[in-house]
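Asks: Just so you know, the UniProt record's numbering puts the end of the sequence shown at 634, numbered straight through with nothing missing. One structure, pasted below without further comment.
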Amino acid sequence: MVKSGNNSNNEKKVFKPNYMLVEEAHVKNWEAEIEKGKDIEKYWAEKAEQFEWFQKWDKVLDESQKPFYKWFTNGKINLAYNAVDRWIHTDKRNQVAILYANERGDEKKLTYYELYREVNKMANALKNLGIEKGDTVSMYMPMCPELLVSMLACNKIGAVHSVVYSGLSVGAFVERMNDAKAKVLITADGTFRRGKVIDLKKIADEALLKCHTIETTIVVQHAGNPIHMSELSGKEIFYETLLEGEPDECPVEEMDSEDPLFILYTSGSTGKPKAVLHTTAGYMVGVATTLKTVFDIHNGDLWWCTGDIGWITGHSYLMYGPLLLGTTTLVYEGAPDYPDPGIWWKIVEKYGVTKLYTSPTAVRHLMRYGSKYPTFYNLSSLKILGSVGEPMNPAAWMWLYKNIGNEKTPIMDTWWQTETGMHMITPLPVSPLKPGTPTLPFPGVDIDVVDKNGNPVPVGEDGYVVVKKPWPAMFRTLYKDEERFVNVYWKDIPGGFYRAGDMARKDEDGYIWIQGRSDDVLKIAGHRVGTSEVESAFSSHPAVAEAAVIGKSDPIKGQVIKAFVILKEDYKLTTKLISELQRHVRYELGPVAVLGDITQVDKLPKTRSGKIMRRVLRAQEEGKDLGDLSTLEE
Ligand code: WTA
Numbered sequence: 001m002v003k004s005g006n007n008s009n010n011e012k013k014v015f016k017p018n019y020m021l022v023e024e025a026h027v028k029n030w031e032a033e034i035e036k037g038k039d040i041e042k043y044w045a046e047k048a049e050q051f052e053w054f055q056k057w058d059k060v061l062d063e064s065q066k067p068f069y070k071w072f073t074n075g076k077i078n079l080a081y082n083a084v085d086r087w088i089h090t091d092k093r094n095q096v097a098i099l100y101a102n103e104r105g106d107e108k109k110l111t112y113y114e115l116y117r118e119v120n121k122m123a124n125a126l127k128n129l130g131i132e133k134g135d136t137v138s139m140y141m142p143m144c145p146e147l148l149v150s151m152l153a154c155n156k157i158g159a160v161h162s163v164v165y166s167g168l169s170v171g172a173f174v175e176r177m178n179d180a181k182a183k184v185l186i187t188a189d190g191t192f193r194r195g196k197v198i199d200l201k202k203i204a205d206e207a208l209l210k211c212h213t214i215e216t217t218i219v220v221q222h223a224g225n226p227i228h229m230s231e232l233s234g235k236e237i238f239y240e241t242l243l244e245g246e247p248d249e250c251p252v253e254e255m256d257s258e259d260p261l262f263i264l265y266t267s268g269s270t271g272k273p274k275a276v277l278h279t280t281a282g283y284m285v286g287v288a289t290t291l292k293t294v295f296d297i298h299n300g301d302l303w304w305c306t307g308d309i310g311w312i313t314g315h316s317y318l319m320y321g322p323l324l325l326g327t328t329t330l331v332y333e334g335a336p337d338y339p340d341p342g343i344w345w346k347i348v349e350k351y352g353v354t355k356l357y358t359s360p361t362a363v364r365h366l367m368r369y370g371s372k373y374p375t376f377y378n379l380s381s382l383k384i385l386g387s388v389g390e391p392m393n394p395a396a397w398m399w400l401y402k403n404i405g406n407e408k409t410p411i412m413d414t415w416w417q418t419e420t421g422m423h424m425i426t427p428l429p430v431s432p433l434k435p436g437t438p439t440l441p442f443p444g445v446d447i448d449v450v451d452k453n454g455n456p457v458p459v460g461e462d463g464y465v466v467v468k469k470p471w472p473a474m475f476r477t478l479y480k481d482e483e484r485f486v487n488v489y490w491k492d493i494p495g496g497f498y499r500a501g502d503m504a505r506k507d508e509d510g511y512i513w514i515q516g517r518s519d520d521v522l523k524i525a526g527h528r529v530g531t532s533e534v535e536s537a538f539s540s541h542p543a544v545a546e547a548a549v550i551g552k553s554d555p556i557k558g559q560v561i562k563a564f565v566i567l568k569e570d571y572k573l574t575t576k577l578i579s580e581l582q583r584h585v586r587y588e589l590g591p592v593a594v595l596g597d598i599t600q601v602d603k604l605p606k607t608r609s610g611k612i613m614r615r616v617l618r619a620q621e622e623g624k625d626l627g628d629l630s631t632l633e634e
């Protein structure tokens, strides 16, 4: 299939599949599998058979109300049942489900049976707090087993979880909690980060002053951090106290295939963050199938996804995917370079990790320390590596391939999004690889690169990434905002296609080379950050009249923020004010908002309707042609 590696990045080499992996692979013939996937309904229906259903579906795909697609209609199923309960009647009963480790060297193991009992206790406790099917529960927690237990407990009783990434701070947290109207918040006394404890409870307390829907706050005593339990917003209770005496059996809620499973906030180009809503059955089918196929999961694997549970990567591939496949998932709490940049490799050696899924930004970060650290450890347990979050530049790909994979382990560069729920463009272990491209759409997924009229672009030309047919793990809507769902994703390009918001090119083998976002969304260390969110954080500071932000490229983080601010009269951009603004934005948004530099300006380029033309700022910054300025105000 692959003729040559000739492409935009001039990376010529094609890496052939490792024949040992091909032999044991679930999918041995890529082309044949893609061919099979062309009958989308048949393909995904077959995959849905892997689960235990309380009631089978009537129809695989209901397209009667496009773009509000439904999958596996009238099916009855429960995710927690399939991810946990199902395994306790098998020989996986006493296998480790969750292997937790942290930067201090602590570890905790939960077998499937232990997890089952813990989930049931938590589910019963949530019910006692008045949580019913369809209610929302928010979590603001470290990477700890209790987070996974809480999410599964929600599934078990049909509650909808909304996890807020613990790296987000007060402003972002309040906005997300109020939007989701959560009744219960689960948080912790702290999280470990580079030898320090970050007091999550303190941030939660501040946020709770502005959230009035929370009736109960549950606090996990995780970091041994002395905290203040207050009565500010309803009841506060320790997790352990709450679970005391709860029965370790709990009836399973039979969920409809299309019942909401979770909400997860992500940044868009305008306005408030988008509340992406995923539903039950299609998500399970999509996530479990892609993980099993792309990373070729077998009995005996030890799976490590380094992404945080607070992002979609953690939801789909740290927690749900591996547990639905009955594998062991490693949950690691800590930074990649603390206490030293060999820590990840030490973990791989200590536990014998077989499949490692990480991000380009983490690889670039570790690359800085050279190739010394990986040589201190035996990494021979590794069979497949993977990456997600932003384009994997060929240099980072090669570094990972050589230093970590010993030129034996293929790298699965997976392209997907919060909205897609599952891998969409990705190689399989049997695919010939070219560093820098996620290759072809996953079987059963129909993706193309098109122009603004929806026609496929010729080889080598830029176009928009669109998904042409529905896929099972697709988000179903933006929570309480169907209009925005339709307008943002389904209207721009004719043909009823889903517009992903990325630009890409195809090479002569059809491989897709992602070029980056086509909208005003930044990718900072793989995290999605909306320009408008950062701008409103700036504008909420008393010195700032108006702000515009763009992405500035950064060798490690991919992008950082470059801000242009108009200050109010009597203010000057002194070093003191710069650091104050930095602190302020960090307080509002958290450490994800990495500021490059701040420049003071008198005016911002705007359209006549008052929209900031960030494109012009970007072109100016990069010394490029300013392009069409006909819509500029003056
Ligand atoms: C980018 C993360 C290039 C892309 C799972 C997408 C990638 C956005 C890749 C979604 C990849 C993700 N190569 N770019 N392999 N994976 N992206 O919602 O711009 O946080 O639109 O989901 O990340 O980010 P999100």
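Think of the CB as a built atom: it goes at the ideal place given N, C-alpha and C, for glycine as much as any other residue.
Can you tell me whether DSSP reads Phe-54 as helix, strand or coil?
Replies: Looking at Phe-54 - three-state DSSP - the assignment turns out to be coil, as it is neither helix nor strand.
Asks: First and last residue of the alpha helix (DSSP H) that includes Gln-582?
Replies: 575-589
Asks: If you follow the alpha helix (DSSP H) that Arg-614 is part of, which residue opens it and which one closes it?
Replies: 614-621
Asks: So if DSSP puts Gln-559 in a beta bridge, which residue, or which two residues, is it bridged to?
Replies: Per DSSP, Ser-553.
Asks: Span of the alpha helix (DSSP H) holding Cys-211?
Replies: Here Cys-211 belongs to no alpha helix (DSSP H), and DSSP marks it neither H nor E.
Asks: Compute the beta-carbon to beta-carbon distance between Ala-123 and Ile-157, rounded to the nearest angstrom, for a pair I have assumed lies under 8 Å.
Replies: 5 Å
Asks: Terminal residues of the continuous alpha helix (DSSP H) containing Pro-360?
Replies: 360-367
Asks: Where does Asn-403 land, buried or exposed, given buried means 16+ other C-beta within 10 angstroms?
Replies: buried
Asks: Please determine whether the Cβ atom of Met-503 lies at a distance below 7 Å from any heavy atom of ligand 1.
Replies: no
Asks: In whole angstroms, what is the alpha-carbon distance linking Ser-4 and Lys-13?
Replies: Low local confidence applies: a pLDDT of 42 at Ser-4 is under 50, so the model's placement there is unreliable, with the coordinate-based value given in what follows. Cα to Cα, Ser-4 sits roughly 8 Å from Lys-13.
Asks: If we ignore side chains and look at the alpha-carbon of each, how far apart do Gly-314 and Pro-438 end up?
Replies: 19 Å
Asks: Determine the extent of the alpha helix (DSSP H) in which Met-398 is found, giving its start and end residues.
Replies: 394-399
Asks: Could you tell me how far apart the beta carbons of Asn-78 and Asn-155 are, in whole angstroms, since I believe they sit closer than 8 Å?
Replies: 7 Å
Asks: Starting from Leu-385, trace the beta strand (DSSP E) both ways and give me its first and last residue.
Replies: 384-387
Asks: Please work out which residues of its chain come closer than 7 Å, Cβ to Cβ, to Lys-469, disregarding the five sequence neighbours upstream and downstream, and give them in chain order.
Replies: Ile-40 and Asp-446
Asks: Does the Cβ of Met-20 have 16 or more other Cβ atoms within 10 Å, making it buried, or fewer, making it exposed?
Replies: exposed
Asks: Can you tell me whether DSSP reads Arg-608 as helix, strand or coil?
Replies: Arg-608 falls in the coil class under three-state DSSP.
Asks: Determine the direct distance from the alpha carbon of Arg-583 to that of Ser-233, and round the result to whole angstroms.
Replies: Interpretation of Ser-233 is limited by its pLDDT of 48, a score under 50 that renders its predicted location unreliable; no figure is taken from the coordinates.
Asks: Determine the DSSP secondary structure at Thr-306, reduced to helix, strand or coil.
Replies: Annotated three-state conformation of Thr-306 is coil, per DSSP.
Asks: Grab me the residues of Pro-322's own chain with a C-beta within less than 6 Å of its C-beta, minus the 5 sequence neighbours each way, in chain order.
Replies: Closer than 6 Å at Cβ, skipping near neighbours: Trp-303 and Thr-329.
Asks: Assign Ser-233 to one of three DSSP states: helix, strand, or coil.
Replies: With a pLDDT of only 48 at Ser-233, under the threshold of 50, the placement of this residue in the model should not be trusted; the figure read from the coordinates follows. If DSSP states are grouped into helix, strand and coil, Ser-233 belongs with coil.
Asks: Apply the 10 Å Cβ neighbour rule to Thr-575 and answer buried if 16 or more other Cβ atoms are within range, or exposed otherwise.
Replies: exposed
Asks: Residues bridged to Pro-456 by DSSP?
Replies: Val-450
Asks: In chain order, what residues of the same chain lie with their CB nearer than 8 Å to the CB of Gly-37, ignoring the 5 residues before and after it?
Replies: Here the set comprises Tyr-43, Phe-442, Pro-443, Gly-444 and Val-445.
Asks: Using C-beta distances below 7 Å, list every residue in its chain close to Phe-485, excluding the 5 sequence neighbours before and after it, in chain order.
Replies: Only residues of its own chain outside the window of five on either side were considered, and among them Thr-477 and Leu-478 have a CB closer than 7 Å to the CB of Phe-485, listed in chain order.
Asks: Go to Lys-196, then tell me how far its beta strand (DSSP E) extends in each direction, as first and last residue.
Replies: 196-198
Asks: CA-CA distance, His-527 and Asp-448?
Replies: Per the coordinates, the alpha-carbon of His-527 lies some 24 Å from the alpha-carbon of Asp-448.
Asks: Whole angstroms are fine: how far does the CA of Asn-453 sit from the CA of Asp-462?
Replies: 13 Å
Asks: Between His-222 and Pro-339, what straight-line distance do the alpha-carbon atoms span, to the nearest angstrom?
Replies: 20 Å
Asks: Report the option in Ser-630, Gly-551 and Val-137 whose CA atom is closest to the CA atom of Gly-595.
Replies: For clarity, residue 595 is Leu in the given sequence; the question names Gly instead. Looking at the Cα atoms, Gly-551 is the closest of the given residues.
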